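**Student:**
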Amino acid sequence: MNTLKKIAQFPLYIQIVFALILAIIVGIILGAGNPIISPSLIEHLALPCTLILKALRTLATPLIFLAIIHTFLTAEIPSRSGRKLAFLLITNTLMAIIIGLLVANILQPGIHGNLELGIDIKPSEKTLDPWGLLQDLIPDSVVKPLVDNNVIQLIIVALSFAIVLRGLKTKFIEENKTDYLPIEKLITVLFEAVIIIVHWVIKLVPFAVFGIVSQTIALKGFAPFKSLGFFVIAVIVALILQAIYYLTRVYFGSWVHPIDFIKKGSDALITAFSTASSTATMPITFEVLIEKIGLRESSASLGALVGSNFNNDGTALYEAMSALFISQILNQQLTLTQQIMVMLTSIIASVGAAGIPEAGLVTMTLVFTSVGLPTEYIAILVTVDWFLDRCRTAINVMGDMTVSALVDGKTRKEKLEEAFIETGIK
Numbered sequence: 015m016n017t018l019k020k021i022a023q024f025p026l027y028i029q030i031v032f033a034l035i036l037a038i039i040v041g042i043i044l045g046a047g048n049p050i051i052s053p054s055l056i057e058h059l060a061l062p063c064t065l066i067l068k069a070l071r072t073l074a075t076p077l078i079f080l081a082i083i084h085t086f087l088t089a090e091i092p093s094r095s096g097r098k099l100a101f102l103l104i105t106n107t108l109m110a111i112i113i114g115l116l117v118a119n120i121l122q123p124g125i126h127g128n129l130e131l132g133i134d135i136k137p138s139e140k141t142l143d144p145w146g147l148l149q150d151l152i153p154d155s156v157v158k159p160l161v162d163n164n165v166i167q168l169i170i171v172a173l174s175f176a177i178v179l180r181g182l183k184t185k186f187i188e189e190n191k192t193d194y195l196p197i198e199k200l201i202t203v204l205f206e207a208v209i210i211i212v213h214w215v216i217k218l219v220p221f222a223v224f225g226i227v228s229q230t231i232a233l234k235g236f237a238p239f240k241s242l243g244f245f246v247i248a249v250i251v252a253l254i255l256q257a258i259y260y261l262t263r264v265y266f267g268s269w270v271h272p273i274d275f276i277k278k279g280s281d282a283l284i285t286a287f288s289t290a291s292s293t294a295t296m297p298i299t300f301e302v303l304i305e306k307i308g309l310r311e312s313s314a315s316l317g318a319l320v321g322s323n324f325n326n327d328g329t330a331l332y333e334a335m336s337a338l339f340i341s342q343i344l345n346q347q348l349t350l351t352q353q354i355m356v357m358l359t360s361i362i363a364s365v366g367a368a369g370i371p372e373a374g375l376v377t378m379t380l381v382f383t384s385v386g387l388p389t390e391y392i393a394i395l396v397t398v399d400w401f402l403d404r405c406r407t408a409i410n411v412m413g414d415m416t417v418s419a420l421v422d423g424k425t426r427k428e429k430l431e432e433a434f435i436e437t438g439i440k
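Residue numbers for the sequence shown follow this note's numbering, beginning at 15 and rising by one.
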């Protein structure tokens, strides 16, 4: 019991690594591809994985629903800069997903090795039907998207409530009324409650990893995991390309030199990689942007504080690549329509996820469900997620810094002040 308590005190990624090592040992003992006991008994090892992922899938819809409303309702977005911020965030996220899908389609990491888990999969029969898609936008009832895990309908309902509530809040503030506070507090409490439950379930993820990995090794040996190495390489390549895209935008869209951007912003990037949390890195990011890079405080706050609630490019890229990777493993190639669906759900699923450690595990269930992929494979991805999570968090923070630099413009703060003095403007 004392040993279990000590293990529980370790960070989650350490627990996952420990579960992975233990799973390898158990898998070898059970035969490593030549089972020494009945395969039907070994298959029961995956039961914790099934239950935990089912819980994550259940929590995904209320989490995204409340995250969208909470983010729209509580984020302080200056009206003048709001449109520019929205444009930058959308274009950055779209480019991240496009890069992820292109790399996954070109390198095809899922074709290396057979990682099938023996799950009964019904291939998705969705075809490009614009009229059917249009009819499916509006749910039969407000709660139906939450029950059916219908991502597009969920997004429509959540955005509708978010925009209306934001408008009412603005109206009440202009009239010096506080009528909006009760609903804002209610949304905040519900959102925090869901996050707490998510954290409870995420603490059980090492058991899911142990179960699915030990089962796979016992039944099929180590060959199925060959493709994971190619997947890690593919994700890192995509993240590097996204970083190059950021530096290109900084070079052409701001006064900051890309080399200075990396050198002076390294503290924030290293902290993001170390903590795997954009929120924990936020104060350092804000300080670095002002003190070291030299951006205006308004620009730094817009990108690092406001933008971080919406900007999760690395997470969106990773989730899109994960869906394509699993589809390749299953030899179930996603159509253009399905890849567009992956793109849309990845964008929305990443909203509000910056402050939730390992939130990608939860939101990924929505992305998989939207194109008919089995969520059981997410547990396999967790074996490398503890490392890739740190890489994509660094990219998330780099995206926040890029937005700040672009908002700051092509003229440095000191030069603006000199120009004002010369023209007599104070």
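C-beta: ideal position from N, C-alpha, C; glycine also. Just so we're clear, the structure is a prediction, and the values are computed from it rather than from any experiment.
(1) From this set, Ile28, Ser52, Pro53 and Cys63, which residue's C-alpha is nearest Ala393's C-alpha?
(2) Applying the criterion that 16 or more other CB atoms from any shown protein chain within 10 Å of the CB defines a buried residue, is Gln347 buried or exposed?
(3) Quick check on Ala257: does DSSP put it in helix, strand or coil?
(4) Please return the same chain residues whose Cβ sits closer than 6 angstroms to the Cβ of Leu253, not counting the five positions on each side in sequence.
(5) Any heavy atom of the ligand ATP closer than 7 angstroms to the CB of Trp400?
(6) Count Cβ pairs between the segment 219-229 and the segment 105-113 that sit closer than 8 angstroms; are there 3 or more?
(7) When we look at the beta-carbon of Trp400 and count the other beta-carbons within 10 Å, is it buried (16 or more) or exposed?
(8) Mind listing, in chain order, the continuous alpha helix (DSSP H) runs of no fewer than 4 residues lying wholly within the segment 23-87?
(9) Which runs of the beta strand (DSSP E), 3 residues or longer, sit entirely within the segment 154-236?
(10) Should the segment 354-362 be called in touch with the segment 328-340, which here means at least 3 C-beta pairs below 8 angstroms?
(11) Should Lys424 be labelled buried (16 or more other beta-carbon atoms within 10 Å of its own) or exposed?
(12) As a quick exercise: from Glu198, Val212, Asn48 and Ile42, pick the residue whose alpha carbon is nearest that of Leu67.
(13) Do you know offhand how far Ile231's Cα is from Asn326's?
(14) Taking the straight line between their C-alpha atoms, what separation do you get for Pro388 and Leu395?
(15) Please say whether Ile201 and Leu87 have beta carbons closer to each other than 8 angstroms?
(16) I need the straight-line Cα distance from Phe245 to Leu182, nearest angstrom please.
(17) Using 8 angstroms as the Cβ pair cut-off and three pairs as the minimum, do the segment 190-205 and the segment 74-85 touch?
(18) In chain order, what residues of the same chain lie with their CB nearer than 6 angstroms to the CB of Tyr27, ignoring the 5 residues before and after it?
(19) Note down, in chain order, each residue of its chain lying with its Cβ closer than 6 angstroms to the Cβ of Gln23, except the 5 sequence neighbours on either side.
(20) Kindly indicate which residue of Leu261, Leu59, Ile284 and Gln353 has the alpha-carbon position closest to the one of Ser384.
(21) Quick check: what's the CA-CA separation for Arg263 versus Leu420?
(22) To the nearest angstrom, how far is it from the Cα of Lys217 to the Cα of Gln256?
(23) Among residues of its own chain, excluding the 5 on either side of Ala37, which ones have a beta-carbon nearer than 6 angstroms to its beta-carbon?
(24) Return the CA-CA distance between Val171 and Leu179, expressed in angstroms with no decimal places.
(25) Put Ser268 into one of helix, strand or coil per three-state DSSP.
(26) Drop a sphere of 10 angstroms on the beta-carbon of Ile307, count the other beta-carbons inside from all chains shown, and report buried for 16 or more, exposed for fewer.
(27) With a cut-off of 8 angstroms on the beta carbons, I'd call Leu283 and Val411 a contact; round off their distance for me.
(28) Just mark Glu390 as buried or exposed, buried being the case when its beta carbon has 16 or more other beta carbons within 10 Å.
(29) For Gly267, which residues of its own chain have a beta-carbon under 6 angstroms away from its beta-carbon, when the five flanking residues on both sides are left out?
(30) If I measure Cβ to Cβ from Gly41 and keep anything under 6 angstroms in the same chain, skipping five residues before and after, which residues do I get?
(31) Looking only at C-alpha atoms, which of Val302, Arg426 and Arg71 sits nearest to Leu380?
(32) With DSSP run on the structure shown, which of helix, strand or coil describes Ala290?
(33) In chain order, what residues of the same chain lie with their CB nearer than 7 angstroms to the CB of Leu61, ignoring the 5 residues before and after it?
(34) Assuming the contact rule is C-beta atoms closer than 8 angstroms, Thr397 and Gly328 should be a hit. Round their C-beta distance to whole Å, please.
**Tutor:** Inspection of the coordinates gives the following:
(1) Cys63
(2) Exposed, since its Cβ has fewer than 16 Cβ neighbours within 10 Å.
(3) helix
(4) Cys405 and Ile409
(5) Looking for the ligand ATP in the displayed structure turns up nothing, as the structure carries no ligands at all.
(6) no
(7) buried
(8) 26-43 and 53-56
(9) none
(10) yes
(11) Only exposed fits Lys424, as fewer than 16 other CB atoms lie within 10 angstroms of its CB.
(12) Val212
(13) 34 angstroms
(14) 12 angstroms
(15) yes
(16) 46 angstroms
(17) yes
(18) Result list for Tyr27: Trp400, in chain order.
(19) none
(20) Gln353
(21) 8 angstroms
(22) 31 angstroms
(23) Phe224, Val227 and Ser228
(24) 12 angstroms
(25) DSSP, reduced to helix, strand and coil, places Ser268 outside both helices and strands of the structure shown, so it counts as coil.
(26) buried
(27) 6 angstroms
(28) buried
(29) Leu420
(30) Ser228, Ile231 and Ala232
(31) Arg71
(32) Residue state for Ala290 is assigned as coil, using DSSP reduced to three classes.
(33) Gly225
(34) Contact between Thr397 and Gly328 does not hold, since the beta-carbon distance rounds to 19 angstroms and is not under 8 angstroms.
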